Amino acid sequence: MATFREMRVLEIVENGSLTHDEKVAELREIESEARGLQRAASESSMDDDDGWQDDLRQVRLALDKLGAKEPKKGAASL
Numbered sequence: 001m002a003t004f005r006e007m008r009v010l011e012i013v014e015n016g017s018l019t020h021d022e023k024v025a026e027l028r029e030i031e032s033e034a035r036g037l038q039r040a041a042s043e044s045s046m047d048d049d050d051g052w053q054d055d056l057r058q059v060r061l062a063l064d065k066l067g068a069k070e071p072k073k074g075a076a077s078l
């Protein structure tokens, strides 16, 4: 069964009314949110197998499918 986030990623990729840049921007937003939740889970007593890694993988695959380049990484912040 697909998660809500996986369905949302598919919906964005297949949405013909969004431009390429809009799709990438929406997927990057989901990616950022999932990374934040994954980080929070790793720093708390939340279950390690929380599904965020799978969500991130789905977003990355969708971004790759759209030909989006990996954003430049800056210095880590606290």
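Mapping of the sequence shown onto full-length UniProt numbering: residues 1 to 78, in sequence order.
The beta-carbon is built from N, C-alpha and C at its ideal position, and this holds for glycine as well.
Just so it is clear, the structure is predicted and the values come from calculations on it, not from any experiment.
Neighbourhood of residue i by C-beta distance below 7 Å, restricted to the same chain and skipping five residues each side
i      : result
Val-9  : Leu-27, Ile-30, Gln-58, Val-59, Ala-62
Leu-78 : For Leu-78, the predicted model reports a pLDDT of 49, less than 50, meaning its position is unreliable; a value from the coordinates is still stated below. Nothing meets the Cβ criterion.
Ala-68 : Val-24
Lys-65 : Val-13
Expected contact under 8 Å - CB spacing of residue i and residue j to nearest Å
i      : j      : result
Arg-39 : Leu-56 : About 11 Å; that fails the 8 Å criterion.
Check: residue i C-beta below 7 Å from any heavy atom of the ligand GTP
i      : result
Pro-71 : This structure does not include the ligand GTP; it has no bound ligands of any sort.
Close beta carbons around residue i, own chain, < 6 Å, minus the five adjacent residues each side
i     : result
Glu-6 : Gln-58
Original post:
Can you list the alpha helix (DSSP H) stretches of 4 or more residues lying completely in the stretch 1–33, in chain order?
Top reply: 4–14
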